[in-house]
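Undergrad: Submitted below is the structure of interest, expressed as structure tokens.
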Amino acid sequence: MKLTPREIEKLDLHNAGFLAQKRLARGLRLNYTEAVALIATQILEFVRDGDKTVAELMDIGKQLLGRRQVLPAVPHLLDTVQVEGTFPDGTKLITIHDAISSEEGNLELALRCSFLPVPSSEKFTRTEDDVHPGEIICRSGDITLNPYRRAAVLKVINTGDRPVQIGSHYHFIEVNPSLVFDRKKAYGMRLNIPAGTATRFEPGENKSVKLVSIGGKRVIRGGNAIVDGPVDDAKWEEVLEALSARGFGNNEEENARIHEMSYPKTDFSEGITGENLDFTAVISREAYANIYGPTTGDKIRLGDTNLYAEIERDFAVYGDECVFGGGKVIRDGMGQACGYPPDGALDTVITNAVIIDYSGIFKADIGIKDGLIVSLGKAGNPDIMDGVFSNMIIGVNTEVIAGEGKIITAGAIDCHVHFICPQLAYEAIASGITTLVGGGTGPAEGTRATTCTPAPSHMKLMLQSTDDLPLNFGFTGKGNSSTPDELHEIIKAGAMGLKLHEDWGTTPAAIDNCLAVAEQHDVQVNIHTDTLNESGFVENTIAAFKGRTIHAYHSEGAGGGHAPDIIRVCGVKNVLPSSTNPTRPFTSNTIDEHLDMLMVCHHLDKNIPEDVKFADSRIRAETIAAEDILHDMGAISIISSDSQAMGRIGEVIARTWQTAHKMKSQRGSIDPNGSNNDNLRIKRYVAKYTINPAIANGISQYVGSVEVGKLADLVLWKPSFFGAKPEMIIKGGVIAWANMGDPNASIPTPEPYLFRFWIAVVCMSLSFSFDIVVFLDIVLMRPMFGAFGKAGSTNSIAFVAADNGIKNLYGLQKSVRAVNNVRKLTKLDMKLNDALPNITVDPETYMVTADGEVLTCDAATTVPLSKNYFLF
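Each residue of the sequence shown is one higher than the last, beginning at 3 in the numbering used here.
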């Protein structure tokens, strides 16, 4: 067959498209993924027919599906579909704009050549749904650009025979010689228009333009090198001489005056922006948000949830935003500074991003240097811009990631990972997780049930086998021992902490010994308590802690722990409680799926009555419902996965936001100040999978938040896909994963648009055998930036208890860092999740109370971040 990689990928696209056709044929309204797949697949089939032009197919693509045939959110999610196919005259790009633009689609065209029945349009039931994923709600009013700066209005004539277009930050004195105007008044000035836009002068056109003084140090570089230095009126004659010598059009205007209120309006040629409309440029807040993203006071809907984040602060200087692109701001001598060596400029800047972090919801440029976040604020060129942070200079050595209209969060931390298979790393990073903490050795029975890496040889294996992966890793040793020597040995071998699990015997003696060893090494102990109540009840286990810090896994109990009241630990000060995600949130199907899940994970036998009773005792609707509310109160501090062992690693983030959405629906606002945004709830929930697991495991000085000095582990989201599918994963300042289209295409966006390995993860193909599924095979095995094969380890960290030469001993490429500041932690150190209610559980009815209040809520029948986005 001699198939090329692009042909194989389009076969995957075809499979998805045909699946979408089958669902359409049986009357299902399609989600985003299905709609894209169907449209792209059908267009490629029309291309194969060979009798239609690109223009004709662009029109046909808009006819295939209507609003009636897709879920209500899809028209807001799906704007453009692009695909490339082989026409009789070669490969060409087809772009379908406004792909869902009519009420009814042409189902005969949509199902053409599928040999599937064409359903009646009546099968597609219309439902009223006002969900607009990622919508921006702008505050009313306008924004004044470049306020309180010297400004001028000049007449400009294009004497040339071709059009001239001038960008906002191009030094106006340096523009095309064929533009004739008063260049003296333009000295040190630029256009007073929105940053990154332009003004066009057609041949012979005569128009007036508003100019504004450049900011910063007022140094002109680049352009035609007429000035090439600081703006200095004393040097005007030299500048004029250069203009004349090089034939630049110049026409000094007479009777130009500094603006004063007493002068007639018709005489004004100079003034101050913001004081007079003649010199002032304004932009509506809606238009501003469309270009640069929302600003202070505007709100963003997170995905298709009911959560709205309001921008609390914007570091932008209005009118001096940094925007990359043709004719835009970040160009030589404009937004990009000259004369700053690599050491003095950023490696990478993310521009105009909305940052959602436990520390705040704000908009800023993000400066990255040597893999670290070095600053959050205003980036750019201090020679021409006001407010540029001294360590956020954009130079010729700076890369740009456009954050306009995007959301940035810290890379998620999953601190309850069973390392059952290496492929879970793909699912983790694709969902926005950048740090994995847990234990295991592969699909052994011990690892299927517990997060323990038991032997020193196992620890070496796991640190070496994950060394090339672009993720941070930390492995926990088995802590179930009543004697200390073995625990010291596994810590010495590279464990970052210890795990107590009931399947190995979490007795008071083992608990006491494990915590005593942890105290000596300043490491965390993660505990899965005794569901059987074999050695005692929950109060006996709490007593065994003796006030020492401990991290309680799945503290509700469905995942394991004292039946029925392990949830009481959520009110104990020295316990850091967490949840695993199968019970997040409580839904109508939660209970039914759990029994079989539990039997498999814990190697139980359905033919043994006691095993079945053991499993049944852990699954209680009442405590799962209470778990929702305790999260909303901030009484449970962390959400993690329990990957492949009663948990889903790729859904840590989505299920966190599903829980927040459900709680807002059922409990309303939690802000005591009564604000009309969801900022407090959003910051509380994002902390559960970022900063709090970092603090609990002693790694918060390196990861866990979007803060200066931390590793640049960042997740870039489109607001409409927030919580479901990221746009890009940045690992240690390097793009590790990204949505990327057909590698053979003329541009990066044609279908199949996949979440691909990028730069830092090429080396991952060396770590696994070639029996990976076809999708991963074609993405992994195609050569791509092979010179960067070690970047995954270079930009990541292996966390250990103490750096005892582990890096050299095991030959690791990753940085090796020791955890710290663990043993003195209490619940009060958990950011925005430090509530300590007095919790009781009725042993017969399982009714849960917190400070005397009954905690109960209904099971959700639907959740966001689900059917709109995922194919299966």
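In this text, a Cβ means the ideal position worked out from N, Cα and C, and glycines have one as well. Model, not experiment: these values are computed from the prediction.
Residue 501 bridges to which residues according to DSSP?
TA: 480, 528, per the DSSP bridge assignment.
Undergrad: Thinking C-beta only, is residue 138 closer than 8 Å to residue 291?
TA: Their beta carbons are under 8 Å apart, which means residue 291 touches residue 138 by this criterion.
Undergrad: Would residue 864 pass as a contact of residue 627 if the rule is Cβ separation under 8 Å?
TA: Contact: no.
Undergrad: Consult DSSP for residue 220 and reduce its assignment to one of helix, strand or coil.
TA: DSSP places residue 220 in coil when its eight states are reduced to three.
Undergrad: According to DSSP, which residues form a beta bridge with residue 283?
TA: 147.
Undergrad: Identify whether residue 683 lies in helix, strand or coil by the three-state DSSP scheme.
TA: Helix.
Undergrad: Anyone know if the C-beta pair for residue 67 and residue 33 falls short of 8 Å?
TA: No, Cβ-Cβ distance for residue 67 and residue 33 is not below 8 Å.
Undergrad: How about residue 482 and residue 455: are their beta carbons less than 8 Å apart?
TA: No. Outside cutoff.
Undergrad: Should residue 586 go down as buried or exposed, given a rule of 16 or more other Cβ atoms within 10 Å for buried?
TA: Buried is the call here.
Undergrad: Quick check: the region 138 to 150 against the region 278 to 298, are at least 3 beta-carbon pairs closer than 8 Å?
TA: Yes: at least three Cβ pairs fall under 8 Å.
Undergrad: Taking the beta strand (DSSP E) that residue 404 belongs to, which residues open and close that run?
TA: Run containing residue 404: 401 to 404, per the beta strand (DSSP E) assignment.
Undergrad: What do you get for residue 609, buried or exposed, if any count of 16 or more other CB atoms within 10 angstroms of its CB means buried?
TA: Classification of residue 609: exposed, given that the 10 Å Cβ count is below 16.
Undergrad: Output the residue ranges of the alpha helix (DSSP H) runs that lie fully inside the region 24 to 69 and measure 4 residues or longer, sorted by chain position.
TA: Counting whole runs of 4 or more residues, the region 24 to 69 contains the alpha helix (DSSP H) stretches 34 to 51, 56 to 65.
Undergrad: State buried or exposed for residue 203, treating a residue as buried only when at least 16 other CB atoms are found within 10 Å of its CB.
TA: The residue is buried, with at least 16 neighbouring Cβ atoms inside 10 Å.
Undergrad: Would you tell me roughly how many angstroms separate the C-alpha atoms of residue 825 and residue 378, rounded to the nearest one?
TA: Computed Cα separation, rounded: 31 Å.
Undergrad: Which complete alpha helix (DSSP H) runs does the region 84 to 130 hold, if anything under 4 residues is left out?
TA: For the region 84 to 130, whole alpha helix (DSSP H) runs of length 4 or above, ordered along the chain, are 109 to 112.
Undergrad: Look at residue 693 and residue 829 and say whether their C-beta atoms are less than 8 Å apart.
TA: Contact flag unset, no.
Undergrad: Would you decide whether residue 541 is buried or exposed? Buried here means 16 or more other CB atoms lie within 10 Å of its CB.
TA: Per the 10 Å Cβ criterion, exposed.
Undergrad: Bridge partners of residue 646, per DSSP?
TA: Its beta-bridge partners do not exist; DSSP assigns none.
Undergrad: Could you pull the DSSP bridge partners for residue 719 from this structure?
TA: 409.
Undergrad: Any idea what DSSP makes of residue 152, helix, strand or coil?
TA: If DSSP states are grouped into helix, strand and coil, residue 152 belongs with the strands.
Undergrad: Can you give me the Cβ contacts of residue 875 inside the same chain, cut-off strictly under 8 Å, excluding the 5 residues immediately before and after it?
TA: One cannot answer for residue 875 here, as it falls past the ends of the chain, which runs 3 to 874.
Undergrad: Just list the residues that DSSP pairs residue 298 with in beta bridges.
TA: Paired residues: none, contrary to the question.
Undergrad: Quick one: what does DSSP say residue 310 is sitting in, helix, strand or coil?
TA: In the structure shown, residue 310 sits in a strand (DSSP, three-state: E or B).
Undergrad: Between residue 738 and residue 434, what straight-line distance do the alpha-carbon atoms span, to the nearest angstrom?
TA: Their backbone Cα atoms lie some 11 Å apart in a straight line.
Undergrad: May I have the straight-line CA-CA distance separating residue 201 from residue 167, to the nearest angstrom?
TA: Computed Cα separation, rounded: 6 Å.
Undergrad: What is the rounded straight-line gap between the Cα of residue 688 and the Cα of residue 414?
TA: Straight-line Cα distance between these residues: approximately 9 Å.
Undergrad: Apart from the five residues just before and just after residue 875, which ones in its own chain have a Cβ nearer than 8 Å to its Cβ?
TA: The structure shown has nothing for residue 875, since the chain only spans 3 to 874.
Undergrad: Cutting at 6 Å between CB atoms, please list the residues of its own chain near residue 853, excluding the five before and the five after it.
TA: Taken in chain order, the residues that qualify are 839, 840.
Undergrad: Looking at the secondary structure, which residues open and close the alpha helix (DSSP H) in which residue 252 lies?
TA: It is not in any alpha helix (DSSP H) - residue 252 carries neither H nor E in the DSSP assignment.
Undergrad: What's the C-alpha gap between residue 868 and residue 651?
TA: Spanning the two alpha carbons is a distance of roughly 15 Å.
Undergrad: Please classify residue 484 as buried or exposed, where buried requires at least 16 other C-beta atoms within 10 Å of its C-beta.
TA: By the 10 Å Cβ count, residue 484 comes out exposed.
Undergrad: If you check the beta carbons only, do residue 325 and residue 406 fall under 8 Å apart?
TA: Yes. Within cutoff.
Undergrad: Measure the C-alpha to C-alpha separation of residue 817 and residue 736 and round it to an integer number of angstroms.
TA: Straight-line Cα distance between these residues: approximately 15 Å.
Undergrad: From the DSSP secondary-structure annotation, give me the bridge partner or partners of residue 801.
TA: DSSP output for residue 801 lists 476, 819 as bridge partner(s).
Undergrad: Contact between the region 226 to 244 and the region 181 to 199: three or more CB pairs below 8 Å?
TA: Judged by Cβ distances under 8 Å, the region 226 to 244 makes contact with the region 181 to 199, as three or more pairs qualify.
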